[in-house]
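Residue numbers (full-length UniProt numbering): 1 to 408. Ideal Cβ placement from N, Cα and C applies to all residues, glycine included. Bear in mind that the values here come from a model prediction, so they are computed numbers and not experimental data. Please read the structure below before turning to the comments.
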């Protein structure tokens with residue numbers, strides 16, 4: 001902040017570069033680059049200040065912060081992209097879904113999953129396994145069609161007999177103890193679902209990922225926790241990751257989150273929040289408007305506080321540019337979106353973020369310039385150079401270092 005004495009409406013000098021200013025009595029106050037580290041209330045009171053502070057503390061993350069989905073098995077190594085967390089959901093052929101692992105009652109096929117786990121474990125990556133996709137033989141609604149189409153009926157429903165779910169969770173934990181530590185319950189249950197079941201739109205478009213209720217989801221979360229931690233007490237359970245978050249209070253995702261966290265688990269005394277270690281979210285942004293992302297994270301934090309779990313980490317277990325996908329973004333737009341998203345999430349306290357996906361046609365970064373740019377941002381965020389961070393109203397993200405303010 002810089003103050004200048006004003007006489008007869010003018011000052012002898014003004015700062016050559018500033019980010020906004022205002023007049024109070026005989027003093028003009030300007031917001032300068034150095035204010036990004038420790039702005040006072042007078043600087044922050046400048047009207048129409050074109051920035052929002054993301055963090056006034058140093059921003060630094062470990063290599064575990066950076067995650068990736070890899071669709072094709074041939075790309076599992078993916079040595080050109082920096083990531084140390086990998087998520088199983090939507091690998092090619094659905095080979096990580098319960099439906100594929102146990103195609104018939106108590107008949108198991110781990111052939112592909114064994115190889116996938118071993119490759120990523122050998123590469124030193126943390127593995128997040130998504131417990132998802134009920135086999136038709138076990139489904140509570142075996143003829144129901146959802147997001148995966150007519151050849152995967154029953155997939156989106158909870159199991160008719162929850163003991164089958166227990167057995168599946170135990171089997172995964174036993175087989176991969178020491179290799180898989182993080183277990184996520186389901187995928188985007190709120191997509192065309194309001195917690196009482198499917199919305200009218202979901203019934204019509206059949207694009208949903210879960211057709212059950214809050215209570216069923218909460219019961220599955222409790223039982224997954226109990227089954228897995230009986231095998232591996234050090235394992236961590238990630239809550240069902242919700243999508244379509246908003247920067248506006250009271251959005252459908254926020255409402256769903258509070259409903260599911262408060263839902264009874266079927267044991268007569270606990271709710272879902274009692275059985276999770278980490279909060280999972282999907283930070284897709286409608287229209288790729290990056291200026292909405294800080295507010296979305298603020299609403300997630302507010303919802304966590306309301307639910308009584310403010311101290312739990314938040315993981316973005318799936319996100320990418322959407323509407324349009326990265327393949328349709330021109331010039332450096334994709335590079336900038338991903339770089340800005342990583343900086344914002346790190347500055348706002350997201351613990352990990354997992355890009356979707358490395359190598360799927362419209363959303364993939366493989367063989368695109370964004371891989372190199374993303375790696376630069378990964379190095380920056382691990383360097384300890386960032387002293388504070390902000391976002392401008394035009395979408396640029398600024399970070400302040402010992403050599404001054406830089407923007408992307």
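- Under the three-state reduction of DSSP, residue 362 is assigned to coil, being neither helix nor strand.
- For a cut-off of 8 Å, the C-beta gap from residue 162 to residue 223 is around 6 Å, short enough to register as a contact.
- In this chain, the alpha helix (DSSP H) harbouring residue 256 covers 252-261.
- In terms of Cβ geometry, residue 185 and residue 237 form a close pair [threshold 8 Å].
- In the DSSP annotation of this structure, the continuous segment of the beta strand (DSSP E) that includes residue 126 starts and ends at 126-131.
- Rounded to whole angstroms, the gap between the alpha carbons of residue 275 and residue 221 is 7 Å.
- In the structure shown, the three-state DSSP call for residue 402 is coil.
- Scanning its chain for C-beta atoms nearer than 6 Å, with the 5 sequence neighbours on each side dropped, one finds around residue 129 the residues 88, 180 and 183, in chain order.
- Within the DSSP secondary-structure output, residue 271 pairs in a beta bridge with 264.
- Between residue 352 and residue 67, the beta carbon gap of about 6 Å places them in contact (Cβ cut-off 8 Å).
- In this structure, the beta-carbon distance from residue 173 to residue 228 falls below 8 Å.
- Beta-bridge partners assigned by DSSP to residue 315: 280 and 352.
- Judged by DSSP secondary structure, residue 389 falls outside any alpha helix (DSSP H) and instead within the beta strand (DSSP E) spanning 388-392.
- Nearest to residue 147 by C-alpha distance, out of 106, 137, 202 and 98, is 202.
- According to the DSSP secondary-structure assignment, residue 198 is paired through a beta bridge with 193.
- Excluding residues up to 5 positions away in sequence, 385, 386 and 387 lie with their Cβ nearer than 7 Å to the Cβ of residue 401 in the same chain.
- Residue ranges of uninterrupted alpha helix (DSSP H) with 4 or more members, entirely inside the stretch 98-179 and ordered along the chain, are 98-101, 111-122 and 162-176.
- Cβ neighbours of residue 144 within its own chain (closer than 7 Å, five residues either side excluded): 153, 154, 156, 157 and 211.
- In this structure residue 244 touches residue 253 by the C-beta definition: roughly 5 Å separates them, less than 8 Å.
- The stretch 311-323 makes no contact with the stretch 29-37, as fewer than three CB pairs between them are under 8 Å.
- Taking a cut-off of 8 Å for Cβ pairs, the stretch 337-350 and the stretch 366-374 touch, as three or more such pairs fall below it.
- Under the three-state reduction of DSSP, residue 52 is assigned to strand.
- Distance check between residue 43 and each of 404, 264, 31 and 279 places 31 closest, using alpha-carbon atoms only.
- Under the DSSP assignment, residue 85 falls in the beta strand (DSSP E) whose first and last residues are 85-87.
- Where residue 66 is concerned, the enclosing beta strand (DSSP E) starts and stops at 66-68.
- Within the same chain, Cβ atoms closer than 6 Å to the Cβ of residue 83 are found at 66, 67 and 68, the five residues on either side in sequence being excluded.
- Here the alpha carbons of residue 141 and residue 215 stand approximately 16 Å from one another.
- For residue 229, the uninterrupted alpha helix (DSSP H) run begins and ends at 214-231, by DSSP.
- Residue 344 is positioned such that its CB atom lies closer than 8 Å to that of residue 293.
- DSSP, reduced to helix, strand and coil, places residue 244 outside both helices and strands of the structure shown, so it counts as coil.
- Taking the C-beta atoms as reference points, residue 247 is found nearer than 8 Å to residue 299.
- For the options 92, 85 and 101, the alpha carbon positioned closest to that of residue 75 is the one of 92.
- For the pair residue 296 and residue 41, the Cα-to-Cα distance works out to about 24 Å.
- Distance from the CA of residue 177 to the CA of residue 232, rounded to the nearest whole angstrom, comes to 7 Å.
- Taking every protein chain shown into account, the CB of residue 107 has fewer than 16 other CB atoms within 10 angstroms, so this residue is exposed.
- Exposure of residue 403 is indicated by the presence of fewer than 16 other C-beta atoms within 10 angstroms of its C-beta.
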